[in-house]
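Just below is one structure, and these are the notes that go with it.
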Amino acid sequence: MSQLRAETARLLAAFEANGAVRLEADILQPADVLLDLYGEDIRARAYVASDPLRGEQMLRPDFTVPVVQRHMAVSAEPARYTYAGPVFRYQDSATGRAAQSEQVGYEVFDRSAPEVIEAEVFGLFHQILAPLGLTASTGDVGLLRAAIDGLSTSDARKAALRRHIWRPLRFQSLLARFSQPVAPKTLGAGGQQIGLRSAQDVQERLAQLEEEASAPPIPAAEIEALTDLLAIRGKLPEALKLLQALTSRLPSIGPAVAHMAARIKALDAAGMDVAPIGFEAAYGLTAMEYYDGFVFGFYAAEPGWPAVASGGRYDALTRVLGQGRAVPAVGGIIRPEYSLRATKGRLSC
Amino acid sequence: MLKLGVPSKGRLMQETFDWFAERGVQLSKSGSDREYVGQVEGVDGVELVLLSAGEIPRELAAGRIHFGVTGTDLVHEKLAHWADVVEPVAEMGFGFADLIIAVPACWRDVTSLHDLDAVAARFRADHGFRLRIATKYHRLVRQFLTAQGVADYQLLDSQGATEGAVKNETAEAIADITSTGATIEANHLRILEDGLVLKSQATLWKSHSAGGDCGPLIRKISAH
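Listed below in structure tokens is the structure:
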């Protein structure tokens, strides 16, 4: 326990040395904000307690929401924060992971050039974790978003695809649906008007369906290019080359690829060896629902471990919590229980 | 002594008694009709415990009863990793019920989960909160909708008269069990084409943790 405390203090100090201000957050958080943000899935992962007066409360499943809320309330930019403490998530008994686990985090709200901030956060995590011999993986959700924007299809279809970026199975089934001519649909028989969804709402959607019925399929070449994009994986320099080559088939990803190149350059300029860093275009699409740009994780070779550290960009989350006001945000967490175990593993061999 | 848990009331209890009787095991309530104690004849070393059908999964998981009769829906809903703690001995051929998702019949545009998902996105944008689905089967419905990739909904707890939730404007859709669909229809609702979450029937379960010699009862009912 005292070792864990020392590890936590060491990580906090490293973040504070980089200009972060220490924040505290309540363990008990109002459930409505988290539920609205994450949806029902969070109920399958977070502890919900019922309070007869204050309504449903949740044992915090992460620090991101309280930290963003706190920042949006005071909002002086640029700002760098660090925090430490337990988070609570149901764990499948098979994984053997604890339901209560520690996190130490670092979050940056800064309107400087995005690649510079991303390189700062990733670089800092990389430097702190360097002695542990972990494998770094990265991705960029911005590439897929840009690819969707460039498809030859309606805005409604693009919105549907964007909405399901974080549900890969559903995303693939939508993509398959949109790559075919629209199948004829048998409408329901109708009935007495009940509920909050009005007759006009139904009429509007029926009109949309009619419009949609004549929508041409997304061209096969575009579906193929999008599939190729999602399959890209390798070390950063090779992955960048593959992506640059793909821009001839997916011109809309050009700016996102240029942004990635700028980030690699910034990492390089900071003296980091980018050659061994992994990149997967599909990285972060299942686990990290609120990240919408650059994403990263550091992994130990031990089976069954969670990422020792993970993080990324989450601009959209600040827009939701800021009620329209958004701020560019990049951050991440280290799991000190695992960084400690990884340290011991290194020492013993 | 092995304990056999059976639903304490109504048709489910009577049909369970009949099912065992056909297999040479006589179950009966002892003493007054209001007393929840029973007798077992036709097989030795088994005691009858009358319980609420909803509590039988929990009692099986805890190993406080060795056998129990209850619906597939209740076992799957109430026990996470149910296959690790109980096993089905026999499907009993009654108490059929389907856990389904239904929407207002007036939603002519919504016939599938794909439609429900599209409407949920629009509903959330229009109303500022997630489309509400009333149910008491939280785990099963959530798992199902997650697997099917439906988003922007929330589950609203409803322990009874769930079919009325839409008319009362406390929910936009429901997930509930139905055997004939008559109540669904009477409440101006329609089942989605691909909205079948689970097919359920009364099932005899065996607890993994209760121990004891379950052989005699299993042999007796299998000999049928």
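Which chain is which? The protein sequence lines are A and B, in order.
9 is the number of the first residue of the first sequence in my numbering; add one for each residue after it.
600 is the number of the first residue of the second sequence in my numbering; add one for each residue after it.
Here a beta-carbon is modelled for each residue, glycine too, at the ideal position from N, C-alpha and C.
Every value quoted in this text rests on a predicted model; they were computed, and no experiment measured them.
If you follow the alpha helix (DSSP H) that residue i is part of, which residue opens it and which one closes it?
{"i": "Val684 (chain B)", "result": "Trp681 to Val684"}
{"i": "Lys677 (chain B)", "result": "Thr671 to Lys677"}
{"i": "Ala661 (chain B)", "result": "Ile655 to Ala661"}
{"i": "Ala337 (chain A)", "result": "Per DSSP, Ala337 (chain A) belongs to no alpha helix (DSSP H); it is in the beta strand (DSSP E), Ala337 to Ile342."}
{"i": "Val76 (chain A)", "result": "Thr72 to Val82"}
{"i": "Lys735 (chain B)", "result": "Segment: none, Lys735 (chain B) is in no alpha helix (DSSP H) and carries neither H nor E."}
{"i": "Leu626 (chain B)", "result": "Per DSSP, Leu626 (chain B) belongs to no alpha helix (DSSP H); it is in the beta strand (DSSP E), Gln625 to Lys628."}
{"i": "Pro245 (chain A)", "result": "Leu244 to Leu254"}
{"i": "Pro815 (chain B)", "result": "Gly814 to Ser821"}
With H, G and I counted as helix, E and B as strand and the rest as coil, what does DSSP make of residue i?
{"i": "Ala801 (chain B)", "result": "strand"}
{"i": "Gly748 (chain B)", "result": "coil"}
{"i": "Val796 (chain B)", "result": "strand"}
{"i": "Met66 (chain A)", "result": "strand"}
{"i": "Asp148 (chain A)", "result": "strand"}
{"i": "Phe693 (chain B)", "result": "coil"}
{"i": "Ala701 (chain B)", "result": "strand"}
{"i": "Leu611 (chain B)", "result": "helix"}
{"i": "Arg321 (chain A)", "result": "strand"}
{"i": "Arg170 (chain A)", "result": "helix"}
{"i": "Thr294 (chain A)", "result": "coil"}
{"i": "Ser181 (chain A)", "result": "helix"}
{"i": "Val216 (chain A)", "result": "Residue 216 (chain A) is actually Gln in this sequence, not Val. Three-state result, Gln216 (chain A): helix."}
{"i": "Thr779 (chain B)", "result": "coil"}
{"i": "Tyr91 (chain A)", "result": "strand"}
{"i": "Pro60 (chain A)", "result": "coil"}
{"i": "Met28 (chain A)", "result": "Residue identity differs from the one stated: residue 28 (chain A) is Ala in this sequence, not Met. Three-state DSSP puts Ala28 (chain A) in coil, outside helix and strand."}
{"i": "Asp643 (chain B)", "result": "coil"}
{"i": "Ala772 (chain B)", "result": "strand"}
{"i": "Arg175 (chain A)", "result": "coil"}
{"i": "Pro259 (chain A)", "result": "helix"}
{"i": "Leu329 (chain A)", "result": "helix"}
Mind reading off the beta-carbon distance from residue i to residue j? Whole number of angstroms is fine, and I expect it under 8 angstroms.
{"i": "Ser145 (chain A)", "j": "Tyr307 (chain A)", "result": "7 angstroms"}
{"i": "Val740 (chain B)", "j": "Leu730 (chain B)", "result": "Not quite, the Cβ-Cβ distance comes to about 13 angstroms (not below 8 angstroms), so this is no contact."}
{"i": "Leu183 (chain A)", "j": "Leu169 (chain A)", "result": "7 angstroms"}
{"i": "Cys705 (chain B)", "j": "Gln216 (chain A)", "result": "Actually they are not in contact, since the Cβ atoms of Cys705 (chain B) and Gln216 (chain A) sit about 17 angstroms apart, beyond 8 angstroms."}
When the Cα atoms are used, what is the spatial distance from residue i to residue j?
{"i": "Val124 (chain A)", "j": "Ala54 (chain A)", "result": "34 angstroms"}
{"i": "Asp595 (chain B)", "j": "Gly104 (chain A)", "result": "The structure shown does not extend to residue 595 (chain B), since chain B is modelled only from 600 to 823, so the question has no answer here."}
{"i": "Ala623 (chain B)", "j": "Val684 (chain B)", "result": "Here the sequence assigns Gly to residue 623 (chain B), which means Ala is not the residue at that position. Their Cα atoms are separated by approximately 28 angstroms."}
{"i": "Leu678 (chain B)", "j": "Ser778 (chain B)", "result": "23 angstroms"}
{"i": "Gly158 (chain A)", "j": "Ile261 (chain A)", "result": "8 angstroms"}
{"i": "Gln381 (chain A)", "j": "Leu67 (chain A)", "result": "With chain A covering 9 to 357 only, the question about residue 381 (chain A) has no answer from this structure."}
{"i": "Asp300 (chain A)", "j": "Val41 (chain A)", "result": "19 angstroms"}
{"i": "Ala775 (chain B)", "j": "Ala661 (chain B)", "result": "Residue identity check: residue 775 (chain B) is Asp in the sequence provided, not Ala. Distance between the alpha carbons of Asp775 (chain B) and Ala661 (chain B): 27 angstroms."}
{"i": "Asp44 (chain A)", "j": "Glu640 (chain B)", "result": "55 angstroms"}
{"i": "Gly637 (chain B)", "j": "Glu621 (chain B)", "result": "18 angstroms"}
{"i": "Ala612 (chain B)", "j": "Gln625 (chain B)", "result": "For the sequence presented, residue 612 (chain B) should be read as Met rather than Ala. Those two C-alpha atoms are separated by around 13 angstroms."}
{"i": "Thr761 (chain B)", "j": "Glu48 (chain A)", "result": "19 angstroms"}
{"i": "Arg78 (chain A)", "j": "Val95 (chain A)", "result": "18 angstroms"}
{"i": "Ile50 (chain A)", "j": "Ala39 (chain A)", "result": "10 angstroms"}
{"i": "Phe616 (chain B)", "j": "Asp100 (chain A)", "result": "38 angstroms"}
{"i": "Asp646 (chain B)", "j": "His675 (chain B)", "result": "The identity of residue 646 (chain B) in the sequence shown is Glu, whereas the question assumes Asp. Approximately 25 angstroms between the Cα atoms of the pair."}
{"i": "Ala350 (chain A)", "j": "Asp59 (chain A)", "result": "40 angstroms"}
{"i": "Trp618 (chain B)", "j": "Met691 (chain B)", "result": "7 angstroms"}
{"i": "His807 (chain B)", "j": "Val210 (chain A)", "result": "50 angstroms"}
{"i": "Ile700 (chain B)", "j": "Asp708 (chain B)", "result": "15 angstroms"}
{"i": "Lys352 (chain A)", "j": "Gly292 (chain A)", "result": "28 angstroms"}
{"i": "Tyr98 (chain A)", "j": "Ala324 (chain A)", "result": "26 angstroms"}
{"i": "Met268 (chain A)", "j": "Leu248 (chain A)", "result": "8 angstroms"}
{"i": "Asp793 (chain B)", "j": "Arg327 (chain A)", "result": "35 angstroms"}
{"i": "Ala770 (chain B)", "j": "Val702 (chain B)", "result": "10 angstroms"}
{"i": "Arg30 (chain A)", "j": "Ala21 (chain A)", "result": "10 angstroms"}
{"i": "Glu220 (chain A)", "j": "Val129 (chain A)", "result": "43 angstroms"}
{"i": "Pro344 (chain A)", "j": "Ala14 (chain A)", "result": "10 angstroms"}
{"i": "Ala289 (chain A)", "j": "Lys602 (chain B)", "result": "56 angstroms"}
Just curious, the beta strand (DSSP E) that residue i is in, first and last residue?
{"i": "Thr235 (chain A)", "result": "From DSSP, Thr235 (chain A) is part of no beta strand (DSSP E) but of the alpha helix (DSSP H) over Ala228 to Ala239."}
{"i": "Lys602 (chain B)", "result": "Leu601 to Pro606"}
{"i": "Arg114 (chain A)", "result": "A small correction: the amino acid at residue 114 (chain A) is Tyr; Arg does not occupy that position in the sequence shown. Run containing Tyr114 (chain A): Gln108 to Phe117, per the beta strand (DSSP E) assignment."}
{"i": "Glu128 (chain A)", "result": "Glu128 (chain A) -> not in any beta strand (DSSP E); alpha helix (DSSP H) instead, spanning Pro122 to Leu137."}
{"i": "Leu36 (chain A)", "result": "Leu36 to Pro38"}
{"i": "Gly305 (chain A)", "result": "Phe302 to Tyr307"}
{"i": "Gly286 (chain A)", "result": "Gly286 to Glu288"}
Three or more beta-carbon pairs under 8 angstroms between the segment 326-345 of chain A and the segment 168-175 of chain A, yes or no?
no
Give a yes or no on contact between the segment 791-805 of chain B and the segment 658-676 of chain B, applying the rule of three or more CB pairs nearer than 8 angstroms.
yes
Per the contact definition of three or more C-beta pairs closer than 8 angstroms, is the segment 232-242 of chain A in contact with the segment 75-94 of chain A?
no
Could you tell me whether the segment 273-282 of chain A touches the segment 151-165 of chain A, where touching means 3 or more Cβ pairs closer than 8 angstroms?
No, the segment 273-282 of chain A is not in contact with the segment 151-165 of chain A.
Pairs of beta-carbons, one from the segment 184-191 of chain A and one from the segment 743-759 of chain B, closer than 8 angstroms: are there three or more?
no
Check whether the segment 602-612 of chain B touches the segment 314-326 of chain A, counting contact only when three or more Cβ pairs, one atom from each stretch, lie closer than 8 angstroms.
no
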